[in-house]
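J.: Protein chains in written order, with the working numbering: chain A, 776 to 976; chain B, 776 to 976.
After the structure tokens below, expect a handful of questions from me.
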Ligand SMILES: [Ca+2]
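Following this line, the structure appears as structure tokens:
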């Protein structure tokens, strides 16, 4: 009986692992740096998790559970399998984003055994609500990585969408709560993007 | 002076973060599950890191540093930016794989500040040499994920390469050192792949 219960857990976990393979097909608005294609959510999640590790010395808080940060970053976009990627400057899409993503989180993490469903759903919620140090530091990477990609790729995505400096500043200035140092570096990038004509003044 | 040193570290870290974007273009031999494209190394690294987290209760060892496992899985394929993806059943490619990857690890992790170069180079080496519990558990996911993908995608990659059951067993049986439970599940998958004609008896 104990063994059967165990196998059952593994099967649920494998069903989740198979389902989330779809994240590799959810396209985002940023191009990868060589400009050859748009990034997908699996690639983005990998990149920001590595960034969180490499840049951890610059975070605003001393005691941060880095395993929790990395977990959050690896799983927070999984909801986009059902809800799609909502572009940060799409006001209409962002109006019902939370509702769509909550339903997605319930279905997708619901494939897991109950205890894990609860753990990962709450982890997703914690990130969305930005209520912990871990969520605030994780947010820095999630928000700023697309700016890095757009800048390094020559501004193509910003130009396509007619993005202005004000739009970028308004959406991202709060990331300094998670890391003032990293935000300051990105301010320099944004100002240079204006000079280069990638974003409107 | 202290501030300048600090900025210097951040610049080195950003150079590394920009360089590893290329991992999103390193194509592997497995198709993603919907069969629409071959997987790349960034997608693979994301998938196996999530798998390591979700399946951690099945690992062979009680005390495992999970942050170390996830770090390893997220960075171990970065060497393929220079060395390329070496197919597991390519005997010729595997003959000089270590040499090519060591040079790549030196160049790529060498972009980081010295202490981080050392940390990440050693983490890569630890995974390659399979000398720790963390490396052994990480290896389970890295080895078995392509089997899951090939099986769920209908065996296309195995058929293209004429892969046999013996070839799969020889290359992967050692993963049971990291998790007997997960290996047993994959034995079932491999046997079913034979029945379905995806791999040769
Ligand atoms: Ca998102």
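Where a beta carbon is used, it is the ideal one built from N, C-alpha and C, also for glycine.
Note that the structure is a prediction, hence the values are computed from the model and not measured.
What does a CB cutoff of less than 6 Å around residue 872 (chain B) pick up in its chain, not counting 5 residues either side in sequence?
T.: As a position in the second chain, residue 872 (chain B) is number 97, starting the count at 1. So the qualifying residues of the chain are 861.
J.: Between A:911, A:922 and A:796, which has its C-alpha nearest residue 805 (chain A)'s C-alpha?
T.: Position 30 of the first chain, counting from 1, holds the residue named residue 805 (chain A). Closest option to residue 805 (chain A), Cα to Cα, is A:922.
J.: Any contact of the stretch 899-908 of chain A with the stretch 844-855 of chain A, i.e. 3+ C-beta pairs under 8 Å?
T.: yes
J.: Express the C-alpha separation of residue 971 (chain B) and residue 962 (chain B) in angstroms, rounding to a whole number.
T.: Looking up residue 962 (chain B) in the second chain gives position 187. Looking up residue 971 (chain B) in the second chain gives position 196. So the two alpha carbons sit approximately 14 Å from each other.
J.: Using a Cβ-Cβ cut-off of 7 Å (strictly less than) and excluding sequence neighbours within five positions of residue 913 (chain B), which residues of its own chain qualify?
T.: Reading the second chain from its first residue, position 138 is the one you call residue 913 (chain B). Its chain contains 827, 844, 847, 848 and 902 as the residues whose beta carbon lies nearer than 7 Å to that of residue 913 (chain B), once the 5 sequence neighbours on both sides are disregarded; these appear in chain order.
J.: For residue 945 (chain B) and residue 935 (chain A), I'd like the C-alpha separation in whole angstroms.
T.: Residue mapping note: residue 945 (chain B) aligns to position 170 of the second chain, counting from 1. Residue mapping note: residue 935 (chain A) aligns to position 160 of the first chain, counting from 1. So the alpha carbons of these two residues sit roughly 51 Å apart.
J.: How many whole angstroms separate the CB atoms of residue 830 (chain A) and residue 959 (chain B), which I take to be in contact at a CB cut-off of 8 Å?
T.: Within the first chain, numbered from 1, the residue matching residue 830 (chain A) stands at position 55. Within the second chain, numbered from 1, the residue matching residue 959 (chain B) stands at position 184. Actually they do not touch by this definition, with Cβ atoms about 39 Å apart.
J.: Taking the C-alpha atoms as reference points, what is the distance between residue 877 (chain B) and residue 866 (chain B)?
T.: Locating residue 877 (chain B) in the second chain gives position 102, where the first residue counts as 1. Locating residue 866 (chain B) in the second chain gives position 91, where the first residue counts as 1. Whole-angstrom Cα-Cα distance: 18 Å.
J.: Whose CA, out of A:910, A:951 and A:975, lies closest to the CA of residue 940 (chain A)?
T.: Within the first chain, numbered from 1, the residue matching residue 940 (chain A) stands at position 165. Among A:910, A:951 and A:975, the Cα nearest to that of residue 940 (chain A) is on A:975.
J.: Are the beta-carbon atoms of residue 801 (chain A) and residue 816 (chain A) separated by less than 8 Å?
T.: Here residue 801 (chain A) refers to the residue found at position 26 when the first chain is read from its first residue. Here residue 816 (chain A) refers to the residue found at position 41 when the first chain is read from its first residue. If you check the CB distance, residue 801 (chain A) and residue 816 (chain A) come in under 8 Å.
J.: Using only the alpha-carbon positions, how far apart do residue 763 (chain A) and residue 892 (chain A) sit?
T.: Absent from the model: residue 763 (chain A). The displayed extent of chain A is 776 to 976, so no value can be given.
J.: Return the residue from the list A:911, A:895, A:951 and A:966 that minimises the CA-CA distance to residue 930 (chain A).
T.: Position 155 of the first chain, counting from 1, holds the residue named residue 930 (chain A). Ranking the options by Cα distance to residue 930 (chain A), first place goes to A:966.
J.: Give the interface partners of residue 817 (chain A) over in chain B, defined as CB-CB distance under 8 Å, in chain order.
T.: Translated into positions along the first chain, residue 817 (chain A) becomes position 42. Those are 817, 818, 821 and 822, listed as they occur along chain B.
J.: Just checking residue 823 (chain B) against ligand 3 - is the residue's beta carbon closer than 7 Å to any of the ligand's heavy atoms?
T.: Among the ligands in the structure shown, ligand 3 does not appear; only ligand 1 can be found there.
J.: For residue 851 (chain B), decide whether its Cβ has a neighbour in chain A, counting only Cβ atoms nearer than 8 Å.
T.: Start at 1 with the first residue of the second chain, and residue 851 (chain B) comes out as number 76. Closer than 8 Å: no.
J.: Taking the alpha carbon of residue 795 (chain B) as the point to measure from, which residue in A:832, A:824 and A:783 has its own alpha carbon closest?
T.: Residue 795 (chain B) sits at position 20 when you count from the first residue of the second chain. The shortest Cα separation from residue 795 (chain B) among A:832, A:824 and A:783 belongs to A:824.
J.: Quick check on residue 896 (chain B): does DSSP put it in helix, strand or coil?
T.: In the second chain, the residue the question calls residue 896 (chain B) occupies position 121. Residue state, collapsed to three classes: helix.
J.: Using a C-beta cutoff of 8 Å, does residue 845 (chain A) count as contacting chain B?
T.: Walking along the first chain from the start, residue 845 (chain A) turns up at place 70. Closer than 8 Å to some Cβ of chain B, the Cβ of residue 845 (chain A) qualifies, so yes.
J.: Output needed for residue 907 (chain A): all residues of its chain with C-beta closer than 7 Å, excluding positions within five of it in sequence on either side, in chain order.
T.: Mapped onto the first chain, residue 907 (chain A) falls at position 132. Only 901 meet the Cβ criterion.
J.: Taking just the CA atoms, how far does residue 869 (chain B) sit from residue 857 (chain B)?
T.: Reading the second chain from its first residue, position 82 is the one you call residue 857 (chain B). Reading the second chain from its first residue, position 94 is the one you call residue 869 (chain B). Answer to the nearest angstrom: the Cα atoms are 15 Å apart.
J.: When the cut-off is 8 Å and only beta carbons count, does residue 931 (chain B) lie next to chain A?
T.: Counting from one through the second chain, the residue named residue 931 (chain B) turns up at place 156. Not one chain A Cβ lies under 8 Å of residue 931 (chain B).
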